[in-house]
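Asks: In the UniProt record's numbering, the protein residues as written are 1 to 438.
Glycine residues also receive a C-beta, built at the ideal position from the N, C-alpha and C atoms.
Structure incoming, see below.
Structure, rendered in structure tokens:
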């Protein structure tokens, strides 16, 4: 690779040098080749395989790998077999097939219970190495077994006994006693509920349980990343299809009777829901945001942004940012329709005209401007985020033009009429006597 020099040493040790820039990589590569008497223009200077052609042929044509019988007394032998198979793609494949065909993982987990009951620390250390090695086989069929409801907590249990640590970790205790699953809206589908539990636990395994992978092991965990990714896609799709769930969610979000703690949970869930949508393909993401739009996400955000709770408003701002980044035109259309309704109201009686001016201040986009101006963060983190969203909304370069209308003309006209006075109010307040105030 342009910025990576990779080589192998005895006993299947793989090493690498990584560079920030290609020039630095090329310079070191030339010096290595100069010492070795090799041509630096040739990318590969080390033999790729030490085995002879005959040995490789024998390996490929040999029958499948034979696993030792799954017994407590043979755990060390099993651990050595797994470790010795990892460097060779062909042996990894044979080991994975053998584990699948013999239902070996469930047998290993039965021995895990025996080792814990007997407090057999040596056996538990071997099981840690075996299970960690099975993860590096990068095999979906094995993950399906390991992450099943029946097996996943035992797999996590095996990974608590890292021989490099003086004490075992308490991952199962955390997952069962500390990390509590809370349904902000009741989920009626048991399959969806199980999928959410599984995804949380597998994500926990990836982030907290497995040791940080080396540059080589990272590639051997690609299937684990894919497993989590596709689970999240499934969860978003199943929630998206549950109209009752989404209807209840938005109804409770905007209900004045909802207590603050509950509303915080609801808005945090919606924020996480939108974050999950980032994993979707463009076509599925279109359908996702269209569903949220039809359910009234923008009117709901307008209500939430007008509330006093700073944490709720912050989460609502994050949700709003997903919408603006995904489809600024959808947000523009909503705020212009909102302004049109207010204009219609103002054409009635003088009382309605006064009401119009009061309603202008609570337009969604004006709420965003006010929160930007009134940000209490000394570093103005929230204000900077809101400024970026506002800039995206008023940027003529990403506005649509069709045969029937020009979004640029309509939206900028709306903005100058309904929002500019809110945006410029702090500036005008500092120049009340035709000179800047200190």
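1) Below 8 Å between beta carbons: does that hold for residue 288 and residue 240?
2) Tell me whether the beta-carbon of residue 98 lies closer than 8 Å to the beta-carbon of residue 67.
3) Quick one: residues in its chain with C-beta nearer than 8 Å to the C-beta of residue 151, no 5 flanking neighbours on either side, listed in chain order?
4) The alpha helix (DSSP H) that contains residue 448, what's its start and end?
5) Could you spell out the range, first to last residue, of the alpha helix (DSSP H) harbouring residue 237?
6) Check residue 7 in the structure and name its three-state DSSP category.
7) Scan the stretch 66 to 147 and note each continuous alpha helix (DSSP H) run of 4 residues or more that stays entirely inside, going in chain order.
8) Do you know offhand how far residue 17's Cα is from residue 312's?
9) With residue 365 and residue 419 assumed to form a contact (beta carbons below 8 Å), what rounded beta-carbon distance in angstroms separates them?
10) Once the 5 residues before and after residue 305 are set aside, which same chain residues still bring their CB inside 8 Å of it?
11) In the DSSP assignment, what residue or residues form a beta bridge with residue 16?
12) Report buried or exposed for residue 31, applying the criterion of at least 16 other Cβ atoms within 10 angstroms of its Cβ.
13) Residues in the same chain with beta-carbon distance under 6 Å from residue 396, minus the five sequence neighbours each way, listed in chain order, please.
14) Measuring alpha carbon to alpha carbon, tell me which residue in 29, 24 and 179 is nearest residue 6.
15) What would DSSP say about residue 247, mapped onto helix, strand or coil?
16) Shortest alpha-carbon distance to residue 247 belongs to which of 141, 300, 196 and 69?
17) Could you tell me whether the Cβ atoms of residue 92 and residue 85 are closer together than 8 Å?
18) Throw me the rounded Cβ distance for the residue 228 and residue 267 pair, which I believe falls under 8 Å.
19) Can you check DSSP and say which residues form a bridge with residue 401?
20) Is residue 282 helix, strand or coil when you go by DSSP?
21) Expressed to the nearest angstrom, what Euclidean distance is found between the alpha-carbon atoms of residue 26 and residue 38?
Replies: On the basis of the supplied data:
1) yes
2) yes
3) 105, 106, 109 and 145
4) Residue 448 is absent from the structure shown; the chain starts at 1 and stops at 438.
5) 222 to 241
6) strand
7) 75 to 85, 89 to 101, 104 to 118, 121 to 135 and 140 to 146
8) 46 Å
9) 6 Å
10) 313, 316, 317, 320, 364, 367, 368 and 371
11) 6
12) exposed
13) 408
14) 29
15) helix
16) 300
17) yes
18) Not a contact, Cβ separation roughly 24 Å.
19) 406
20) helix
21) 14 Å
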